[in-house]
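Engineer: I have a structure here, written as structure tokens, and I will follow up with some questions on it.
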Amino acid sequence: MTGFHLAQINVGRLLQPVDHPQIADFKNNLDRINALADGMPGFVWRLVGEGNNATDLQPRPDDPLFAVNMSVWTDMDALAGFVYRSAHRDIMRRRREWFEAMEVYQTLWWVPVGHTPSVEEGLATLELLERLGPTPAAFTFKTPYPAPDGRPALPVLDECA
17 MTGFHLAQIN
27 VGRLLQPVDH
37 PQIADFKNNL
47 DRINALADGM
57 PGFVWRLVGE
67 GNNATDLQPR
77 PDDPLFAVNM
87 SVWTDMDALA
97 GFVYRSAHRD
107 IMRRRREWFE
117 AMEVYQTLWW
127 VPVGHTPSVE
137 EGLATLELLE
147 RLGPTPAAFT
157 FKTPYPAPDG
167 RPALPVLDEC
177 A
């Protein structure tokens, strides 16, 4: 297959361990929101650990409160539809209840169709965005770059605020 899909990583530092009562509403909605993602048009893949989500993965062993989520979508419209025009938006509006504020917590990048990005790749892409700002290799909804095959990607405003 040829072409490109859109990968995304978003990270956060939980205010408490995932089993703490303060995090219960977040944890209790994971299966519902993940099932929603799985059934959305344009969904390709998402990072999953031992269960049906990625909360057990520890990309930073020295920081057990650091959480990571990754997924791949056919294009910007498909990802934006899930993030900003589904029940996911309502959960994300509550993120400050569960996560510390972070300046850069999400990045997007194009991957060849069939490529499954690793957590290391995602974290490196996030670090690239932190260091250089939006580039064709690491960008945001607000400052997207077209796919390498020339397919355009229009800016999407953050509707979770």
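Using this note's numbering, the letters of the sequence shown map in sequence onto residues 17 to 177.
In this text, a Cβ means the ideal position worked out from N, Cα and C, and glycines have one as well.
(1) Cα separation between Ala117 and Ala96?
(2) Which residues share a DSSP beta bridge with Ile25?
(3) Tell me the rounded alpha-carbon separation between Ser134 and Asn85.
(4) Is the beta carbon of Leu52 sitting closer than 8 Å to the one on Phe115?
(5) What residues match up with Pro128 in a beta bridge as DSSP calls it?
(6) How big is the Cα-Cα spacing for Gly65 and Leu73?
(7) Kindly indicate which residue of His36, Lys43, Asp93 and Pro77 has the alpha-carbon position closest to the one of Pro57.
(8) Could you please give the first and the last residue of the uninterrupted beta strand (DSSP E) stretch that includes Arg62?
(9) Out of Leu124, Asp47 and Asn69, state which residue places its alpha-carbon closest to the alpha-carbon of Lys158.
(10) Terminal residues of the continuous alpha helix (DSSP H) containing Leu148?
(11) Just curious, the alpha helix (DSSP H) that Asn45 is in, first and last residue?
(12) Would Phe59 pass as a contact of Ala163 if the rule is Cβ separation under 8 Å?
(13) Whole angstroms is fine: what's the gap from Pro152's alpha carbon to Thr132's?
(14) For Pro80, count neighbouring Cβ atoms within 10 angstroms of its own Cβ and tell me buried if that reaches 16, exposed if not.
(15) What is the rounded straight-line gap between the Cα of Val88 and the Cα of Pro37?
(16) Report the three-state DSSP secondary structure of Ala70 (helix, strand or coil).
Structural biologist: By the coordinates alone:
(1) Computed Cα separation, rounded: 21 Å.
(2) Met86 and Thr123
(3) 11 Å
(4) In this structure, Leu52 sits away from Phe115, with a CB-CB distance that is not shorter than 8 Å.
(5) Phe20
(6) 6 Å
(7) Asp93
(8) Phe59 to Arg62
(9) When only C-alpha atoms are compared, the closest one is Leu124.
(10) For Leu148, the enclosing alpha helix (DSSP H) begins and ends at Val135 to Leu148.
(11) Ala40 to Gly55
(12) no
(13) 19 Å
(14) Residue burial annotation: Pro80 is exposed, with fewer than 16 other C-beta atoms found within 10 angstroms of its C-beta.
(15) 31 Å
(16) Residue state, collapsed to three classes: coil.
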